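Heads up: the sequence lines are chains A and B, in that order. Mapping the first sequence onto my numbering, position 131 (from 1) lands on 192, and the numbers just tick up by one. Mapping the second sequence onto my numbering, position 12 (from 1) lands on 73, and the numbers just tick up by one. C-beta atoms are modelled at their ideal positions from N, C-alpha and C, and glycine is treated no differently. This one's a predicted model, so the numbers in the text were calculated from it and none came from an experiment. Please read the structure below before turning to the comments.
Protein chains: 2
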Amino acid sequence: MTTRWLTPEEQRAWRAYIAASRLLEDAIDRQLQQEGGMPHLFYSVLANLSDAPDRRLRMTDLAETLKITRSRLTYAVTRLERDGLVRRENCRWDKRSSLAVLTDEGTAVLERTAPGHVETVRALLFDRITPEQVRQLEEICTGIARGLQGEDDGAGAATEDVPWRRRSTPCQGSTAD
Amino acid sequence: MTTRWLTPEEQRAWRAYIAASRLLEDAIDRQLQQEGGMPHLFYSVLANLSDAPDRRLRMTDLAETLKITRSRLTYAVTRLERDGLVRRENCRWDKRSSLAVLTDEGTAVLERTAPGHVETVRALLFDRITPEQVRQLEEICTGIARGLQGEDDGAGAATEDVPWRRRSTPCQGSTAD
DNA sequence: TAAGTTTGTTTCAAAGTTGAACCAAGCCGT
DNA sequence: ACGGCTTGGTTCAACTTTGAAACAAACTTA
């Protein structure tokens, strides 16, 4: 079958998207690196832990919400652990699992870093688009993400609710990425 | 001044965006790595050269359109050169500049790889959003990108039109990223 | 319960990225 | 023509990411 090339509109959108996403990530990484001494992903690890019940999360669950590989997360947590911002803990119910726990120092760093980060995200993104566009963006991205993750883990049966699989309870969450 | 945290809508949009962009890039990188033996960025280098007049571009110009650092581009081109897909050439007008030139082999690889790539972009993105959303996406991304690049090079005087700075002439361009 | 499978995590080497430092070559004013 | 500034590109070490392989602890089933 002959390739369905992109229409001119699609091409423009695609190029704009590539450009925007690269520029945005770069800018955020730079800001966070300068003011927090860590790349965006590492910040997200802290932020997600901070929003989790008891400030701890299983490696796999964290990797899944962050949409990264387990291997990548292992590296990040190892580094954050070396810096004392996170600590590893063994899961009591499943000896295979390990939990990443946000330390007090990690919390402090996060609290010190969050305002600048949010400021940046605002300045670069939300201050530049209308509320209507915020909705559109969410809508678009949600759809894309759904298509991309569901592919293998099927929208099938809900995960059994064993204690160590409990999903995060509502929290403040103003810093999470 | 107290931080202006993200509203719930903004948070949802931000998270959705992060998730979608990570998943999307990963999927595209995987596809291209498998079927083309190179990451997305390297493909984009080939695609952009292919669309350039005479299939060649100054390193700086290429880096600028790709929104990456010169250093990163140097690495990519070095690798592509090793693989014979790109060749470096000295600029006749400015001895500092070097041009990246797409070789015949590079063209061949690109032509062989492009359909699969476009297919993927379609399947993961454009087949999942409405034409209206394509427009919205372009609009949003264009705005963000504008804000992010203009910051230092000011929207000021247009670059002088010396021969080796000539901007690309219209081409087919159905594969460019 | 032993064998086989799946799940959770880490390890390791190869690949790619970052940012600062460096070297030329052009540009400008004197 | 000389010094100083800017521009184009590369280099290098430190860091991060990738993906396959290795382990170990559950789970399943005969």
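- At a C-beta separation below 9 angstroms, GLN92/A has no neighbours in chain B, since its nearest C-beta there lies roughly 12 angstroms away.
- Classified as exposed, GLN95/A has fewer than 16 neighbouring CB atoms from the shown chains inside 10 Å of its CB.
- According to the DSSP secondary-structure assignment, VAL162/B is paired through a beta bridge with ARG117/B, ARG148/B.
- Taking CB atoms only, LEU123/B has no neighbour in chain A less than 9 angstroms away.
- Cβ-Cβ separation between LEU110/A and ARG119/A: approximately 11 angstroms, too far for a contact (criterion under 8 angstroms).
- Interface annotation, SER132/A: not in contact with chain B, CB-CB separation never under 9 angstroms.
- When secondary structure is reduced to three states using DSSP, ASP155/A falls in the coil class, being assigned neither helix nor strand.
- For GLY208/B, the nearest beta carbon of chain A is closer than 9 angstroms to its own beta carbon.
- Taking C-beta atoms as the reference points, GLU70/A and ARG196/B count as a pair closer than 9 angstroms.
- A straight-line Cα-Cα distance of about 6 angstroms links ALA175/B and THR236/B.
- Counting every other CB atom within 10 Å of its CB across the protein chains shown gives TRP154/B a total below 16, marking it as exposed.
- Only exposed fits ALA169/A, as fewer than 16 other CB atoms lie within 10 angstroms of its CB.
- If you look at ASP238/B, you'll find it isn't in any alpha helix (DSSP H); DSSP assigns it neither H nor E.
- Within a 10 Å sphere around the beta-carbon of GLY98/A sit fewer than 16 other beta-carbons, which makes this residue exposed.
- Interface criterion not met: the Cβ of ARG119/B is under 9 angstroms from no Cβ in chain A.
- Residues of chain A with a Cβ closer than 7 angstroms to the Cβ of LYS128/B are, in chain order, ALA80, ARG83, LEU84.
- At least 9 angstroms separates the CB of LEU141/A from every CB of chain B.
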